[in-house]
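Numbering (the working numbering), first residue to last: 33 to 170. Ideal Cβ positions, reconstructed from N, Cα and C, are used throughout, including at glycine.
Right, dumping it as C-alpha cells:
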C-alpha cells in the first residue's frame, strides 16, 4: 500500500469516493441538472475534479476557492462517484497539489477529431446524467 498524499488521502482514488467537478460556466448546468459539457476534458486531455462530496458544502467551496483562486467565480459543483467515471472506461488519478485534486484521464482518442469529440461528448453526458448538481447559494 502506498503512502498517503499530503492531504492525508490515499494515492489510489477508491470507486466509492465522491468527485466534485467545479462548475465555472453557467452553460454547464440547468436549473436542476448537470450538462455533459461540464465533464468534457480540457485541452490537456484531462478533467479536473476535487475528491469531495456535496457535504459539507462550506468545505467543498473552501477547496474550490483554494484551487481556483479567490477571484474566479463558480456556480456550484457536479458530484458523482468515481465508479461512475470508471464505468465509462476512464480513470481517476490523484494529482496533488492542490490538496484533494484529481484528474479524470484516459478519454478516448481518435484519428478523426470529429469522432473523438462525439465520443467524448457521449461519455461526458453519461457521467453528467449520474451526477448531482450542488449550487452555490447566492
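DSSP on residue i, reduced to helix/strand/coil?
{"i": "residue 54", "result": "strand"}
{"i": "residue 133", "result": "strand"}
{"i": "residue 160", "result": "helix"}
{"i": "residue 155", "result": "helix"}
{"i": "residue 69", "result": "helix"}
{"i": "residue 150", "result": "helix"}
Beta carbon of residue i, beta carbon of residue j: below 8 Å?
{"i": "residue 72", "j": "residue 156", "result": "yes"}
{"i": "residue 110", "j": "residue 53", "result": "yes"}
{"i": "residue 162", "j": "residue 125", "result": "no"}
{"i": "residue 64", "j": "residue 165", "result": "yes"}
{"i": "residue 106", "j": "residue 82", "result": "no"}
Rounded to the nearest angstrom, how far is the Cβ of residue i from that of residue j, given a contact under 8 Å?
{"i": "residue 119", "j": "residue 127", "result": "The Cβ separation is near 21 Å, so there is no contact."}
Opposite residue i in the DSSP bridges: which residues?
{"i": "residue 167", "result": "108"}
{"i": "residue 126", "result": "134"}
{"i": "residue 82", "result": "52 and 133"}
With a threshold of 8 Å between beta-carbons, can residue i be considered close to chain D, or not?
{"i": "residue 144", "result": "Of the protein chains in the structure, only one exists, and it is not chain D."}
Handout entry: Every unbroken beta strand (DSSP E) within the segment 85-124, with a cutoff of 3 residues, ordered by chain
Key = 108-113
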